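Peer 1: Listed in order, the protein sequences are those of chains A, B and C.
According to my numbering, the first sequence is numbered sequentially starting from 9.
According to my numbering, the second sequence is numbered sequentially starting from 12.
According to my numbering, the third sequence is numbered sequentially starting from 1112.
Would you mind keeping the following structure in view while I ask a few things?
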Amino acid sequence: MNTANALATAATTTLPLRMALTWVLAILALGVAGLARPNSIRLVARTLFAVGALACLGLAVLALGFLLRSQTPEVLILPLGLPDLPFHVRLDTLSAFFLLVLGLVGAGISSFSAGYFRAGEGTAPGLMGLHYHVFLASMGLVMLANDAYLFMVAWETMALSSFFLVVTQHRRGEIRKAGFLYLLMAHLGALCILFCFGLLHGGHWQFTFDAMRAARLAPAAASWTFVLALAGFGAKAGLVPFHVWLPEAHPAAPSPVSAMMSGLMLSTAAYGMVRVTFDLLQGRFWQWGLAMLAVGLFSALYGAIFAGVQTDMKRLLAYSSIENMGIVFSALGLALLFASSNMPLLAALALTAALIHTLNHALFKSLLFLATGSVMHATRQRSLGKLGGLIGRMPWVAGLALLGTLAIAGLPPLNGFVSEWLLLQSFLFTASLPHAFINMLVPLGAAVLALTLALAAYVMVKFYGIVFLGQPRESSLLEAHDANWVERAGLGWLGLACLLIGIMPQLALRLAAPVTAGLVGASVSLDGAFGWIAPVAAQQAAYNGLVLFVGILAIFGVTFLLVRLLAHGRLRRAAAWDCGYRWQTPRMQDSAEGFGQPIRHIFGPFFRMRRHLPAPEDPAPRYEVVIEDRLWRLFYAPLGRAVDWLADAVGVLQSGRLSIYLLFSFATLLLLLVFVL
Amino acid sequence: MRTLERPFPGTDTALNILAACLLLISFAMLSRRRTQRLVTLLAWQGMVLFVSTLLVAHSSGRVEMYYSAALTLLLKVIVLPLILHYLINRLGAQWDTETLVNIPAVMLAGLVLVIFAFGLAQPVSVLATTITRHTLGIALAVILLSFLMMITRRKAITQVIGFLAMENGLFFAATSTTYGMPMIIELGIALDVLVGVFILGIFFFQIREQFDSLDLHHLEALKED
Amino acid sequence: MTPAALLRQLAQIILALALAPLFAGWIAQCRAWLQNRSAPPLTQPYRMLRKLFAKEVVLADNASPLFRATPYVLFGTMVLAAAIIPSLLTDLPFARVVDAIALIGAFATARVFLSLAAMDIGTAFGTLGARREMMIGFLAEPALLMVFFNAFLLFGSTAFPNLVERYTRHPSLLDPSVLFSAIAFVMVLLAENARIPIDNPATHLELTMVHEAMLLEYSARHLALAEWASSLKLYNYVCIGFALFLPWGIASSTQHGLWVLPVSLAALVCKLLLAGGVLVTIETLSAKLRVFRAPEFLAMAFLLAVLGLLVHLLLGAA
């Protein structure tokens, strides 16, 4: 992209960009407004969050308009920032796509939050509203930033505000611990990104993205940049081995915040990765693609396996986020592989899969996290072992969560299936890659992906079946109540989007097309009948979500009518039969541990498992199994010990006497003077 | 290498399919637990080798290949399996329930070995000019897989079967790259294998007499500390 | 989409609905013969369906709408699958828009709904069955996907009509990898349809059940739909096998005329008779595996399918 050219177009029209900035600032202002009466639930939650939902909607509409209409990048220099280093902002198709995700999902979450927050839960609502809206606005700024300074400022603001949200209930020890771990990993990741930008300027010390795009890095420097970016954004996305914070931090936050972190903040990691590798580095080497593919696939499988053995519903969803981000990153890796082998059409296909999966994940994951929020409000439980049978008591939440569950399990005709279908299609074409060795490895990759997708369905059946179906495992669940209508609106919005993208996938493809056209110079073919997607050629593969949906409805309806007409409708309610066994208690159902048992059995080597089995004569038998992450011991524990050791070594300097400390400073000063002069 | 006349148009396809069968049998051997099944599979492997040698003989028009095929049929399909069945029945070693590593993991390792073998064979098979050159990778994979089987089993008799399967792989590699070894070498190897199996059979009886079992971990006790 | 095409589509669906119980009956007959028992009549499954439709539904007290909707979902997805898979002819408008990957998705939908319904009542056997079904599913599904991947590499399409037409036109494409795929596919077929090495369709012992355990709480018309759906599922799987490995006799879109359909129907019936015999032989010769061995069996199917892919790429590319 030619800078002068971009500036010239900027002079003519920057209205959408200005409006996007206005919306972001409006969201920020909402947060500040809450401080006027910080303890008023009515003002902060019921009003400001609702207005925030509208602001998000405005942002989404704006981004939608930009993607469908103008599509030319717009840049602007803000009268803000450091002296001589003003902030640059830019709106192009890539940022518009992610702003759309932000707006669409943010609207659902904010609307849910308007009904969710109650008095007397942790931090004062005003403060919480401030953090929440700062979080939301900083994500918007990340996507609009056009120089490394603004990007890093927004990125760190995002990390800090979300940290404060995670530790909302800071009186509990494990939440403080989770928050600390999160902060640590977020900063390590940010450090990597900072270094990455440090390499990207290519010796010109110009930190605008336009300058970085123009700088052609040497291969070695470019590769280092890529590795740093993968580490930095991978840490934010929760890729293995930087995933440890995610299952701790996401569940610790209140549910709308978990939804935002899982659905939206992880998307910013995908955004950053696409921005750096495809836009700034122009995706040059196939080795990068292979590395990203491997990391992504391993994370996906790892996340799915660990999700299968969780017993806490929010942790289960958090691990499933790792899985989904792994899928997104593997799609990005595949796109990089194709792009560097000069196959723009296939690169566009894989990139489209990545983008749409990011959007889908944001939708269904936030839907499910919000549903767990409703469940927790209604039951005060988050352990799977103490839930069950909620479908009878909370039909709305259960119904919408079913939609999310089916979508995340990748079942047609919902949206999860669309992105998985696209990704599998792009895997199919890897046999045409020009590298013989990759040709051999990629089928293995496809196999891992297939296994992951199938495991995801297992995990989601476990989640839904144990929380919502069966008999209530605790008597207190009988008093559970459904979500209020504001919450239902938020859930319904997200569910509707899941369904809509599922049955009309070409809508999502149309949104992704300008993005891929800008990044890899091609886009997936969009012609064909309504509801029809045929990414490469119709005789190779085509999918029509609408026909499938209508077909299913028709078959379903005809069957129902025929059965009703031909057979009688007599029905009698009775106790469950269960092979004539009389003493049915809720405790005889599979627990979460029980349902995950096959996964523990099959994927044993992945875990470190400690198990306590009851003895036959034990009067109070107890079964307990603790699953630990092997990587924690292999990777983090030694690292922690090394840091401790280093700290001890430095601690030698600490003597407690002021004059010694002054001596250190003095010596440092002398040394520096010697060096400088 | 002289140019070939091709009597059947589908010879190379047929050979590819036979090679795939060979690989399939190797994987089947990795996954089986019963010793007698292993011997049957070994006989089948010999049969596939026989057919493929016959095909190569026919298409290359070399007379000595026919002898080689006949030898394969006699030794690998008839004599050795009979000896092994006899040994198993006499020793009562029908079962080999315990593998050292679980079977899917072994199969996964086998898969990696296949990729490795193909990667290794790629440059060589480009040089070769025989119609069977594509199958060198498979021959190499069969050898490595048999080795893997020997590593992961505990009973002495399965190790011998692994050894014989490895020899089959070598034989296939020879036919696929250079139309077989010179006749004299082949005869020598055949004799070696036969004598080897006899000697090992005698060993088995000795081992069993000594330890009352054919489990190889008893041999660990022989180590001097 | 012309009316004629729609009619053909409908004809194939109705044929599948009619043949699926007959095929189940044929299998029961073959099995009885092989086991030296006197065989039930071929139409036994029909009689069972009629009887079940006439009965009164007894529903557990805490059954949710999900539980009541599931039989219809099962039946619907299986009918949908029967509409996609070219068993009689390839000129199916539905099959052009719903490809093999979407078919796997449809099967997965059926499985997820059945498992959820089994967990709905909250009985010990139901959840046990659901857990086992999902375990089998998550290993069998990728194996099936790999089989389709292999077909794509051979024939360059994931849409069934194209697969079949290209296969029948170029039988020289018979590739060594097909051998691996075929074995993997048969293993998946046995596992997914609750056949013998994994599950026993005729078992009365609850602890060893997988598929039957999930249907324990169903009765009358719900049970009838579920049973019909499972016979359709077997029929569908067998037809996928025909489409992928024995596509001869399926009428292609270029063939016209009245004589085509009877010929392809005759071919289909012959293949079904043969397939039933082969299936029963496999089932009679093998013993049911312990549940813990099932993952091993399926992992083997999965690895064989992947191996097929590798063999194709490497033998073909060298």
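For glycine and all other residues, C-beta sits at the position ideal for the given N, C-alpha and C.
Remember, predicted model here, so these are calculated numbers, not experimental data.
Which residues does DSSP pair with A/S391 in a beta bridge?
Peer 2: Here residue 391 of chain A corresponds to residue number 383 of the first sequence, with the count starting at 1. Bridge partners of A/S391: A/D320.
Peer 1: Kindly list the residues whose CB is nearer than 8 Å to the CB of A/L569, restricted to its own chain and excluding five residues on each side of it in sequence; keep chain order.
Peer 2: Sequence index remark: in the first sequence, residue 569 of chain A carries index 561 (1-based). Correct list: empty, nothing qualifies.
Peer 1: Name the chain E residues that come within less than 8 Å of B/A30, Cβ to Cβ?
Peer 2: Of the protein chains in this structure, namely A, B and C, none is chain E.
Peer 1: Please report the Cβ distance between A/G424 and A/A417, rounded to the nearest whole angstrom; I am assuming they are in contact, meaning their Cβ atoms lie under 8 Å.
Peer 2: Looking up residue 424 of chain A in the first sequence gives position 416. Looking up residue 417 of chain A in the first sequence gives position 409. About 7 Å separates the two Cβ atoms, so the contact holds.
Peer 1: Taking A/A582 as part of the beta strand (DSSP E), name the residues at either end of that continuous run.
Peer 2: In the first sequence, residue 582 of chain A corresponds to position 574, counting from 1. Taken as a continuous stretch (DSSP letters only), the beta strand (DSSP E) holding A/A582 covers L579 to A582.
Peer 1: Since A/F286 contacts A/L527 with CB under 8 Å, what's their CB separation in whole angstroms?
Peer 2: Start at 1 with the first residue of the first sequence, and residue 286 of chain A comes out as number 278. Start at 1 with the first residue of the first sequence, and residue 527 of chain A comes out as number 519. With 8 Å as the limit, A/F286 and A/L527 qualify as a contact, their Cβ atoms being about 4 Å apart.
Peer 1: Quick check on C/D1310: does DSSP put it in helix, strand or coil?
Peer 2: The sequence position of residue 1310 of chain C within the third sequence is 199, counting from 1. Looking at C/D1310 - three-state DSSP - the assignment turns out to be coil, as it is neither helix nor strand.
Peer 1: Should A/M686 and A/S263 be called a contact, given that it needs their Cβ atoms to be closer than 8 Å?
Peer 2: With chain A covering 9 to 685 only, the question about residue 686 of chain A has no answer from this structure.
Peer 1: Could you spell out where the beta strand (DSSP E) holding A/P87 opens and where it closes?
Peer 2: For the purposes of this step, residue 87 of chain A is identified with residue 79 of the first sequence, where counting begins at 1. Residues E82 to L90.
Peer 1: Just the chain B side, please: which residues come within less than 7 Å of C/E1432 by C-beta, in chain order?
Peer 2: Outside the displayed range of chain C (1112 to 1429) lies residue 1432 of chain C, so it cannot be described from this structure.
Peer 1: Any Cβ of chain B within less than 8 Å of the Cβ of C/M1257?
Peer 2: To locate residue 1257 of chain C, count along the third sequence from 1; it is residue 146. No, C/M1257 lies away from the interface with chain B (no Cβ there is under 8 Å from its Cβ).
Peer 1: With 16 other CB atoms within 10 Å as the buried threshold, where does C/R1119 fall?
Peer 2: The residue given as residue 1119 of chain C occupies position 8 in the third sequence. Classification for C/R1119: buried.
Peer 1: Hey, is the region 588-606 of chain A in contact with the region 614-627 of chain A, meaning 3+ C-beta pairs nearer than 8 Å?
Peer 2: Output reads no: the region 614-627 of chain A does not touch the region 588-606 of chain A.
Peer 1: What does the alpha-carbon distance come out to for the pair A/V469 and A/G559?
Peer 2: Start at 1 with the first residue of the first sequence, and residue 469 of chain A comes out as number 461. Start at 1 with the first residue of the first sequence, and residue 559 of chain A comes out as number 551. One C-alpha to the other measures close to 24 Å.
Peer 1: Could you name the residues of chain C that A/L419 contacts, counting a contact when the two beta carbons are closer than 7 Å?
Peer 2: Taking the first sequence and counting its residues from 1, the one referred to as residue 419 of chain A is at position 411. Here the neighbours are G1216, A1219, T1220 and V1223.
Peer 1: From the beta carbon of C/E1394, is the nearest beta carbon of chain A less than 8 Å away?
Peer 2: Within the third sequence, the letter at position 283 stands for residue 1394 of chain C. So, not an interface residue.
Peer 1: Skipping 5 residues on each side, what residues in its chain have a beta carbon closer than 8 Å to that of C/L1374?
Peer 2: Within the third sequence, residue 1374 of chain C is the residue found at index 263, counting from 1. Checking the sequence shown, residue 1374 of chain C turns out to be Val, not Leu. The residues are G1360 and A1362.
Peer 1: Which two residues bound the contiguous alpha helix (DSSP H) that contains A/D637?
Peer 2: Walking along the first sequence from the start, residue 637 of chain A turns up at place 629. Here A/D637 belongs to no alpha helix (DSSP H); instead the beta strand (DSSP E) covers E632 to D637.
Peer 1: Pairing CB atoms from the region 170-181 of chain B with CB atoms from the region 202-216 of chain B, are three or more of them under 8 Å?
Peer 2: At 8 Å Cβ cutoff, the stretches touch.
Peer 1: Distance check for B/N113 and C/F1408, CA to CA, integer angstroms please.
Peer 2: On the third sequence, position 297 is the one that residue 1408 of chain C refers to. On the second sequence, position 102 is the one that residue 113 of chain B refers to. Those two C-alpha atoms are separated by around 12 Å.
Peer 1: I need the DSSP call for C/I1232, collapsed to helix, strand or coil.
Peer 2: Position 121 of the third sequence, counted from the first residue, corresponds to residue 1232 of chain C. It is coil, neither helix nor strand.
Peer 1: Tell me which residues share the same chain as A/G197 and place their Cβ nearer than 6 Å to its Cβ, disregarding the 5 neighbours each side in the sequence.
Peer 2: Your numbering for residue 197 of chain A matches position 189 in the first sequence. If we look at A/G197 and ignore the five residues flanking it on each side, its Cβ neighbours are G240, A243 and K244.
Peer 1: Ignoring anything shorter than 4 residues or poking outside the region 259-337 of chain A, list the alpha helix (DSSP H) runs there in chain order.
Peer 2: Entirely contained in the region 259-337 of chain A, the alpha helix (DSSP H) runs reaching 4 residues are, in chain order, 263-268, 274-282 and 294-316.
Peer 1: With 16 as the cutoff for other CB atoms within 10 Å, does A/G588 come out buried or exposed?
Peer 2: Taking the first residue of the first sequence as 1, we reach residue 588 of chain A at position 580. Exposed.
Peer 1: Between A/F172 and chain B, is there a C-beta pair that is closer than 8 Å?
Peer 2: Reading the first sequence from its first residue, position 164 is the one you call residue 172 of chain A. Closer than 8 Å: no.
Peer 1: Give the DSSP-derived three-state secondary structure of C/T1218 in the structure shown.
Peer 2: On the third sequence, residue 1218 of chain C is found 107 positions in, with the first residue counted as 1. Rather than Thr, the amino acid found at residue 1218 of chain C in this sequence is Phe. Here C/F1218 sits in helix by DSSP.
Peer 1: Among all the DSSP beta bridges, which residues are the ones paired with C/A1061?
Peer 2: No information on residue 1061 of chain C is available, as it lies outside the stretch 1112 to 1429 that chain C covers here.
Peer 1: Please decide whether A/F615 counts as near chain B, where near means a Cβ-Cβ distance under 8 Å.
Peer 2: Here the question's residue 615 of chain A lines up with position 607 in the first sequence. With 8 Å as the cut-off, A/F615 does not count as an interface residue toward chain B.
Peer 1: Quick one: does B/M40 have its CB under 8 Å from some CB of chain C?
Peer 2: As a position in the second sequence, residue 40 of chain B is number 29, starting the count at 1. Chain C, which has no Cβ nearer than 8 Å to the Cβ of B/M40, makes this no.
Peer 1: Please name the residue or residues paired with A/T101 in a DSSP beta bridge.
Peer 2: What you label residue 101 of chain A is simply residue 93 of the first sequence in a count that begins at 1. DSSP lists no partner for A/T101.
Peer 1: Quick one: grab the DSSP three-state call for C/L1185.
Peer 2: By one-based count along the third sequence, residue 1185 of chain C stands at place 74. Of the three classes helix, strand and coil, the one that applies to C/L1185 here is helix, per DSSP.
Peer 1: Just verifying my parser: in three-state terms, what is the DSSP assignment at A/N47?
Peer 2: Position 39 of the first sequence holds residue 47 of chain A. Three-state DSSP puts A/N47 in coil, outside helix and strand.
Peer 1: Using a threshold of 8 Å, state whether the C-beta atoms of A/A488 and A/W404 are closer than that.
Peer 2: What you label residue 488 of chain A is simply residue 480 of the first sequence in a count that begins at 1. What you label residue 404 of chain A is simply residue 396 of the first sequence in a count that begins at 1. Taking 8 Å as the Cβ cut-off, A/A488 and A/W404 do not qualify as a contacting pair.
Peer 1: For chain C, find out if any of its Cβ atoms is closer than 8 Å to the Cβ of B/V125; answer yes or no.
Peer 2: As a working mapping, residue 125 of chain B is identified with position 114 in the second sequence. Yes, its Cβ sits closer than 8 Å to a Cβ of chain C.
Peer 1: Taking DSSP's pairing of strands, which residues face C/N1304 in a bridge?
Peer 2: Residue 1304 of chain C sits at position 193 when you count from the first residue of the third sequence. Paired residue(s): none; C/N1304 is not in a bridge.
Peer 1: Are the beta-carbon atoms of A/G304 and A/G280 separated by less than 8 Å?
Peer 2: Walking along the first sequence from the start, residue 304 of chain A turns up at place 296. Walking along the first sequence from the start, residue 280 of chain A turns up at place 272. Contact flag unset, no.
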